[in-house]
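Colleague: Take this structure first; my questions come after.
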Amino acid sequence: MSATGIGAAVRRKEDLRFVTGKGQYTDDVIRPGETRAVFVRSPHAHAKIKSIDISAAKTMPGVIAVLTGKELAGDKIGNLICGWMIHSKDGTPMKMAPHPALAAETVCHVGDPVVVVIAETQAQGRDAAEKVKIDYQVLPAIVDPAKAKSGPQIHDVAPKNTIYEWSLGDAKAVDAAFATAKHVTQLDIVNNRLVPNAIEPRVALAEYDAGTDQLTLWNTTQNPHVSRLVIAAFVGMAPEHKLRVIAPDVGGGFGSKIFIYPEEVVCLWAARKVGRPVKWTADRSESFVTDAHGRDHVTHAELALDVNGKMLAMRVRTIANLGAYMSTFSSSVPTYLYATLLSGQYDIPHIYCEVDAVYTNTVPVDAYRGAGRPEATFVVERLVEVAARQMGIDPADLRKRNFIKSFPHQTPVIMAYDAGDYNASLKKALDLADVKGFNKRKRESTRNGKLRGIGYSTYIEACGIAPSQAVGSLGCGVGLWESAEVRVNPTGSVEVLTGTHAHGQGHETTFAQLVSERLGIPFENVSIVHGDTDKVQFGMGTYGSRSGAVGMSAIVKALDKIEAKAKKVAAHMLEAAEGDIVFKDGKFTVAGTDKSAAWGDVSLNAYIAHKFAGQELEPGLKETSFYDPTNFTFPAGCHICEVEVDRDTGKAEIVNWTAVDDFGTVINPMIVEGQVHGGIAQGIGQALLENVVYDKDGQLVSGSLMDYSMPHAHDLPSFQVGLTETKSPSNPLGIKGCGEAGAIAAPAAVINAITDAIGTEELTMPATAQAVWTALKVAQPRQAA
Amino acid sequence: MPAVSMTVNGKAVTGDVEARTLLVQFLRENLRLTGTHVGCDTSQCGACVVHIDGIAAKSCTTLALQCEGAKITTIEGLAEPNGPLHPMQEAFRENHGLQCGFCTPGMIMAALDIVRRRGHDLDEHTIREQLDGNICRCTGYHNIVKAIAAGAKAMAKDGSRQAAE
Chain G
1 MSATGIGAAV RRKEDLRFVT GKGQYTDDVI RPGETRAVFV RSPHAHAKIK
51 SIDISAAKTM PGVIAVLTGK ELAGDKIGNL ICGWMIHSKD GTPMKMAPHP
101 ALAAETVCHV GDPVVVVIAE TQAQGRDAAE KVKIDYQVLP AIVDPAKAKS
151 GPQIHDVAPK NTIYEWSLGD AKAVDAAFAT AKHVTQLDIV NNRLVPNAIE
201 PRVALAEYDA GTDQLTLWNT TQNPHVSRLV IAAFVGMAPE HKLRVIAPDV
251 GGGFGSKIFI YPEEVVCLWA ARKVGRPVKW TADRSESFVT DAHGRDHVTH
301 AELALDVNGK MLAMRVRTIA NLGAYMSTFS SSVPTYLYAT LLSGQYDIPH
351 IYCEVDAVYT NTVPVDAYRG AGRPEATFVV ERLVEVAARQ MGIDPADLRK
401 RNFIKSFPHQ TPVIMAYDAG DYNASLKKAL DLADVKGFNK RKRESTRNGK
451 LRGIGYSTYI EACGIAPSQA VGSLGCGVGL WESAEVRVNP TGSVEVLTGT
501 HAHGQGHETT FAQLVSERLG IPFENVSIVH GDTDKVQFGM GTYGSRSGAV
551 GMSAIVKALD KIEAKAKKVA AHMLEAAEGD IVFKDGKFTV AGTDKSAAWG
601 DVSLNAYIAH KFAGQELEPG LKETSFYDPT NFTFPAGCHI CEVEVDRDTG
651 KAEIVNWTAV DDFGTVINPM IVEGQVHGGI AQGIGQALLE NVVYDKDGQL
701 VSGSLMDYSM PHAHDLPSFQ VGLTETKSPS NPLGIKGCGE AGAIAAPAAV
751 INAITDAIGT EELTMPATAQ AVWTALKVAQ PRQAA
Chain F
1 MPAVSMTVNG KAVTGDVEAR TLLVQFLREN LRLTGTHVGC DTSQCGACVV
51 HIDGIAAKSC TTLALQCEGA KITTIEGLAE PNGPLHPMQE AFRENHGLQC
101 GFCTPGMIMA ALDIVRRRGH DLDEHTIREQ LDGNICRCTG YHNIVKAIAA
151 GAKAMAKDGS RQAAE
């Protein structure tokens with residue numbers, strides 16, 4: 001292993017600009033003549049717009065334009081769409097309601113944009129926005145997904161607020177298996193609604209060049225090409241070749257910056273209308289009512305086991321809240337990213353899952369770190385843990401009895417797991433966490449008046465999203481391959497253009513490690529280019545832990561072509577047969593001789609083209625690849641959480657955290673560990689702290705960082721992180737992906753630990769001190785009895 | 001509009017601002033020092049932390065006019081141009097104490113203030129408690145805590161260079 005090659009903990013290239021304040025985030029981009037957009041948003045969860053009076057706002061100082069949804073529709077700007085078709089059990093397509101970028105007739109959630117003010121400064125825009133008068137007829141609202149079907153109807157297209165009633169699996173086989181079961185564990189689960197809260201708020205800056213009829217959008221997006229495609233092809237803003245989308249440095253995404261939002265559409269439209277650049281920068285409070293939220297499931301789950309604890313079948317019924325409109329990929333999250341993972345790491349012969357997706361008068365819900373897989377893992381790992389407790393079997397032992405041990409393994413819910421060793425990660429985690437010493441530690445806690453508990457989560461996820469044919473057959477509107485272009489310069493330095501996008505993952509470093517190792521050239525001589533539709537031809541962006549498994553595989557394929565072409569050039573230079581050229585450590589040699597040519601010489605010769613005729617070999621050294629994976633990848637592992645609970649206050653403190661993950665090949669262990677840490681923190685946040693609260697009228701009670709509890713440094717422990725490795729056979733590097741594992745594994749581990757400590761399963765996330773204290777009060781009399 | 005004068009990163013600056021202009025707006029929009037970020041509107045996230053007369057403050061909750069005559073240090077003022085990084089900047093890089101980088105300038109400025117108040121030998125508990133005013137969504141804080149401990153130690157060796165303030 002070289003110091004900068006695959007497997008080395010190379011320090012990140014991108015950090016120099018970030019630690020010196022020289023990062024270039026979207027809000028840092030300032031265009032000449034820039035104006036500011038300020039949105040007037042609905043203060044009601046559900047209302048008819050009776051009238052809008054913009055006359056006073058228009059006369060305010062600095063105001064350039066005040067625009068409404070009526071004008072937007074008049075200019076034939078299309079609606080936002082959801083790009084994944086789901087069909088109900090009865091074969092009918094999902095009920096996608098119109099989602100205009102500015103509401104003209106009805107508002108469906110607090111924060112729904114109605115009017116936009118374009119002004120010289122943000123302060124002037126805010127002053128003018130306060131002068132916009134909107135007369136609303138307030139309508140009854142519904143926020144609880146479990147009651148949505150009987151609530152006031154939100155969209156004409158969706159009777160009973162039902163988007164789809166979907167199912168996966170064989171219901172009859174599951175019923176039959178349950179009939180033979182010795183033991184059935186049942187759980188009612190609420191998977192709490194979360195706000196992604198990337199620390200950089202969303203920003204859109206649009207500019208129109210009338211001379212070339214070209215629109216440019218600088219945007220906080222995880223996938224600039226998908227954004228351009230949707231805004232061109234569906235919203236109809238401009239032809240695709242007349243729209244450029246640039247995603248500069250992006251300050252975290254976690255899914256929330258995948259989607260195409262109203263604000264970027266409005267900024268593009270307004271920039272053309274006023275003939276000047278238009279920038280919108282979200283306030284944090286605005287982010288809370290506009291960025292897609294995550295999770296929000298209500299579930300009843302059952303697991304059937306035989307007398308030996310062998311799992312026979314699982315039955316799951318979930319209501320998924322998709323909010324007021326269908327966000328870009330919202331339909332896929334509680335279906336194909338959720339129910340397909342209900343087999344966990346276990347050999348379960350029969351699984352049946354029903355999912356009803358509903359509209360409510362809340363912010364749209366879509367993918368948030370893990371997207372469906374955290375919800376699935378929580379169901380599976382809670383069921384397993386509770387079943388073990390009810391049957392008097394050690395939870396680790398019950399898991400072992402049911403682990404899948406041979407691969408490939410076809411689950412009853414679509415997925416075909418290709419490689420893994422679940423015993424290995426469990427065993428390593430048990431050792432690292434010193435589970436043998438737990439009872440001793442528990443006695444110590446008891447002596448100190450504290451309750452101690454331990455909880456496992458042996459999770460699985462489907463990453464490397466995704467084989468295009470497979471997702472196409474499931475309703476996805478796009479292919480999920482990835483592209484790479486490798487440009488070798490005449491001096492031998494290299495630029496890699498990738499269709500993935502980094503917003504904290506460190507691709508400029510890890511992708512350069514791959515190129516450095518493969519071509520034997522210095523790490524410093526490689527640049528990674530992403531996030532600009534004028535530079536990178538097309539790509540699908542970054543989410544679903546796909547950039548390594550799919551994005552780097554595309555680079556590998558392009559590098560294969562580079563090597564093949566370079567060998568042809570070297571053969572001419574060295575006057576040898578192409579088949580005799582060997583490329584190793586950045587040098588081309590003629591096999592069995594001492595004749596060689598260095599990488600830089602071959603690069604130069606490819607461009608000066610003096611040694612070969614253009615008719616037999618094209619000059620230049622640049623190759624492109626589009627890589628489509630053969631399968632999802634299946635990262636898996638075991639997280640163990642140990643908590644101490646204060647009986648008097650109910651406060652649960654995490655005292656030990658052990659994570660052992662199998663991510664296949666690891667390019668940079670430092671970056672992988674960082675991804676695991678961040679994911680665990682978000683998972684612990686969900687389990688202990690974070691929760692979106694709406695009141696019954698649809699007002700967002702947890703609408704700022706003062707009200708929504710984000711994990712702080714003092715809420716979290718340090719993490720003990722280990723790895724096991726089985727390579728993925730589904731991509732050339734054997735990578736599985738690491739971005740979401742922590743967020744997927746952690747919530748179940750935390751709740752399993754706390755419920756172990758307090759002796760009751762009746763605990764809903766977030767397990768705040770109050771929630772735990774209340775659970776203790778309910779449980780203790782029963783335990784005493 | 002009233003004028004305001006202050007020293008930013010060792011340089012005297014003057015600008016016309018509205019009475020309601022925040023320090024962070026003055027830094028970002030008037031001076032184009034965009035290393036100081038805005039991550040929230042309720043003083044929770046700390047992405048906007050700068051030093052005012054040597055003490056960490058949230059520039060999103062400070063009016064530009066309050067800083068008349070003050071000495072301000074931002075993330076851009078920690079290292080000399082083309083010179084080596086400040087030991088705390090270096091520690092964040094060495095310990096992978098950042099991912100997306102958005103909270104990082106505020107984290108580093110807050111870290112320096114922890115060192116000023118609590119010294120160079122910082123334990124994990126102290127660092128975690130003292131970081132209450134800064135939020136990171138990427139790192140889970142594990143490596144930030146390591147970076148601050150290492151940076152504080154390195155500053156002691158480095159003669160506690162505290163930038164141009």
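One line per chain: the protein sequences are G and F, in this order.
Mapping to our numbering: the first sequence position 332 is 332, numbers consecutive.
Mapping to our numbering: the second sequence position 125 is 125, numbers consecutive.
Just so you know, even glycine gets a beta-carbon here, dropped at the ideal spot from N, CA and C.
For clarity, every value in this text was computed on a predicted model and none was experimentally measured.
Using three-state DSSP, classify P395(G) as helix, strand or coil.
Modeller: Working through the first sequence from its first residue, we reach residue 395(G) at position 395. If DSSP states are grouped into helix, strand and coil, P395(G) belongs with the helices.
Colleague: Going along chain F in order, which residues have a C-beta closer than 8 Å to the C-beta of L205(G)?
Modeller: To locate residue 205(G), count along the first sequence from 1; it is residue 205. Within chain F, no residue comes near L205(G); the closest Cβ sits about 13 Å away, beyond 8 Å.
Colleague: Alpha carbon to alpha carbon, how far is S702(G) from R647(G)? Give it in angstroms, no decimals.
Modeller: Translated into the one-based positions of the first sequence, residue 647(G) becomes position 647. Translated into the one-based positions of the first sequence, residue 702(G) becomes position 702. When rounded, the distance between both Cα atoms is 27 Å.
Colleague: I'd like to check one pair, T216(G) with A204(G): are the Cβ atoms closer than 9 Å?
Modeller: By one-based count along the first sequence, residue 204(G) stands at place 204. By one-based count along the first sequence, residue 216(G) stands at place 216. Result no, Cβ atoms of A204(G) and T216(G) do not sit closer than 9 Å.
Colleague: Who are Q410(G)'s beta bridge partners in DSSP?
Modeller: If you number the first sequence from 1, residue 410(G) lands on position 410. DSSP output for Q410(G) lists A416(G) as bridge partner(s).
Colleague: Measure the C-alpha to C-alpha separation of G21(G) and T510(G) and round it to an integer number of angstroms.
Modeller: Here residue 21(G) is taken as the residue at index 21 of the first sequence, counted from 1. Here residue 510(G) is taken as the residue at index 510 of the first sequence, counted from 1. If you take the alpha carbons of G21(G) and T510(G), they lie about 22 Å apart.
Colleague: Taking 6 Å as the limit between beta carbons, can you name the residues of its chain near R12(G), skipping five residues before and five after?
Modeller: For the purposes of this step, residue 12(G) is taken as the residue at position 12 of the first sequence. G506 and T509.
Colleague: For the stretch 324–350 of chain G, list every residue whose C-beta sits within 9 Å of some C-beta in chain F, in sequence order.
Modeller: none
Colleague: Taking a Cβ distance cut-off of 8 Å, strictly less, list which residues of the stretch 112–129 of chain G are near chain F, in chain order.
Modeller: A123
Colleague: Measuring alpha carbon to alpha carbon, tell me which residue in S42(G), L426(G) and Q186(G) is nearest E111(G).
Modeller: One-based indexing of the first sequence puts residue 111(G) at position 111. The sequence as given places Gly at residue 111(G); Glu does not occur at that position. Nearest C-alpha to G111(G): S42(G).
Colleague: Which residues, in chain order, does the stretch 12–45 of chain F contribute to contact with chain G at a C-beta distance below 9 Å?
Modeller: E18, R20, T21, Q25, R28, E29, R32, L33, T34, G35, T36, H37, V38, G39, C40, D41, T42, S43, Q44 and C45
Colleague: Taking any Cβ of chain G, which residues in the stretch 95–117 of chain F have a Cβ under 8 Å from it, in chain order?
Modeller: H96, L98, Q99, C100, G101, F102, C103, T104, P105 and I108
Colleague: For Q137(G), name the three-state secondary structure that DSSP assigns.
Modeller: What you label residue 137(G) is simply residue 137 of the first sequence in a count that begins at 1. In the displayed model, Q137(G) falls within a strand according to three-state DSSP.
Colleague: If you measure from the beta carbon of H610(G) to each beta carbon in chain F, is any gap under 9 Å?
Modeller: As a first step, residue 610(G) is located in the first sequence; it is residue number 610 there, counting from the start. Chain F contact via Cβ: absent.
Colleague: Give, in chain order, every residue of the stretch 3–20 of chain G whose Cβ lies closer than 8 Å to some Cβ of chain A.
Modeller: No chain A is part of this structure, whose protein chains are labelled G and F.
Colleague: Based on the DSSP output, what are the partners of D209(G) in its beta bridges?
Modeller: The sequence position of residue 209(G) within the first sequence is 209, counting from 1. Note: D209(G) sits in a beta bridge opposite Q214(G).
Colleague: Could you tell me whether the Cβ of R284(G) comes closer than 9 Å to any Cβ of chain F?
Modeller: Along the first sequence, one-based indexing puts residue 284(G) at 284. R284(G) counts as touching chain F.
Colleague: In terms of residue numbering, what span does the alpha helix (DSSP H) encompassing I144(F) cover?
Modeller: For this step, residue 144(F) is matched to residue 144 along the second sequence. It spans H142 to K157 - the alpha helix (DSSP H) in which I144(F) sits, taken as one unbroken run.
Colleague: So which of C267(G), A554(G) and N361(G) has the shortest CA-CA distance to V289(G)?
Modeller: Translated into positions along the first sequence, residue 289(G) becomes position 289. It is N361(G).
Colleague: Compare the Cα-Cα distances from H44(G) to each of H109(G), R126(G) and D15(G) and report the closest residue.
Modeller: Reading the first sequence from its first residue, position 44 is the one you call residue 44(G). Taking only the C-alpha atoms, the option nearest H44(G) is H109(G).
Colleague: Does chain F have any CB closer than 9 Å to the CB of T510(G)?
Modeller: The residue you call residue 510(G) lines up with position 510 of the first sequence. No, because no Cβ of chain F sits closer than 9 Å to the Cβ of T510(G).
Colleague: Nearest chain F C-beta to P248(G) closer than 9 Å, yes or no?
Modeller: Taking the first residue of the first sequence as 1, we reach residue 248(G) at position 248. With 9 Å as the cut-off, P248(G) does not count as an interface residue toward chain F.
Colleague: If the cut is a Cβ gap below 7 Å, which residues of chain F does M60(G) touch?
Modeller: As a position in the first sequence, residue 60(G) is number 60, starting the count at 1. Chain F residues near M60(G): none, gap ~15 Å exceeds 7 Å.
Colleague: Going by DSSP, what residue range makes up the beta strand (DSSP E) through V556(G)?
Modeller: Translated into the one-based positions of the first sequence, residue 556(G) becomes position 556. Run containing V556(G): none in the beta strand (DSSP E); it sits in the alpha helix (DSSP H), S553 to L574.
Colleague: Any beta-carbon of chain G closer than 9 Å to the one on G10(F)?
Modeller: Counting from one through the second sequence, the residue named residue 10(F) turns up at place 10. It does not: the Cβ of G10(F) has no partner Cβ on chain G nearer than 9 Å.
Colleague: Going along chain G in order, which residues have a C-beta closer than 7 Å to the C-beta of G54(F)?
Modeller: Sequence index remark: in the second sequence, residue 54(F) carries index 54 (1-based). Near G54(F) there are no residues of chain G at all, since even the closest Cβ is about 18 Å away, more than 7 Å.
Colleague: May I ask you to report which of helix, strand or coil DSSP gives N423(G)?
Modeller: The residue you call residue 423(G) lines up with position 423 of the first sequence. Helix, per DSSP.
Colleague: In its own chain, which residues sit with a C-beta less than 6 Å from the C-beta of W280(G), not counting the 5 before and 5 after it?
Modeller: Reading the first sequence from its first residue, position 280 is the one you call residue 280(G). Excluding residues within five positions, the ones whose Cβ falls inside 6 Å are A37, A204, E263 and C267.
Colleague: Just by C-beta distance, which residues in the stretch 76–95 of chain F are closer than 7 Å to chain G?
Modeller: For the stretch 76–95 of chain F, residues whose beta-carbon sits nearer than 7 Å to a beta-carbon of chain G comprise E76, A79, L85, Q89, F92, R93 and E94.
Colleague: Taking the beta carbon of D27(G) as the centre, do at least 16 other beta carbons fall within 10 Å, making it buried, or is it exposed?
Modeller: Counted from its first residue, the first sequence places residue 27(G) at position 27. So D27(G) counts as buried.
Colleague: Assess, as a yes-or-no matter, whether the stretch 44–55 of chain G is touched by the stretch 129–137 of chain G under the definition of 3 or more beta carbon pairs within less than 8 Å.
Modeller: With three or more CB-CB distances shorter than 8 Å, the stretch 129–137 of chain G counts as touching the stretch 44–55 of chain G.
Colleague: Using a Cβ-Cβ cut-off of 9 Å, state whether K22(G) counts as contacting chain F.
Modeller: As a first step, residue 22(G) must be located in the first sequence, where it is residue number 22. It does; some Cβ of chain F falls within 9 Å.
Colleague: If you reduce the DSSP assignment to three classes, tell me which class L451(G) lands in.
Modeller: If you number the first sequence from 1, residue 451(G) lands on position 451. It is a strand residue.
Colleague: On a Cα-Cα basis, can you pick out the residue from V157(G), S718(G), Y694(G) and H714(G) that is closest to H293(G)?
Modeller: Working through the first sequence from its first residue, we reach residue 293(G) at position 293. Residue Y694(G) is the option with its Cα nearest to H293(G).
Colleague: Going straight from the alpha carbon of D421(G) to that of L398(G), what length do you get?
Modeller: As a working mapping, residue 421(G) is identified with position 421 in the first sequence. As a working mapping, residue 398(G) is identified with position 398 in the first sequence. Approximately 16 Å, taken between the alpha carbons.
Colleague: How many Å lie between S330(G) and E375(G) at the Cα?
Modeller: Against the first sequence, residue 330(G) aligns to sequence position 330. Against the first sequence, residue 375(G) aligns to sequence position 375. Rounded to the nearest angstrom, the two C-alpha atoms are 14 Å apart.
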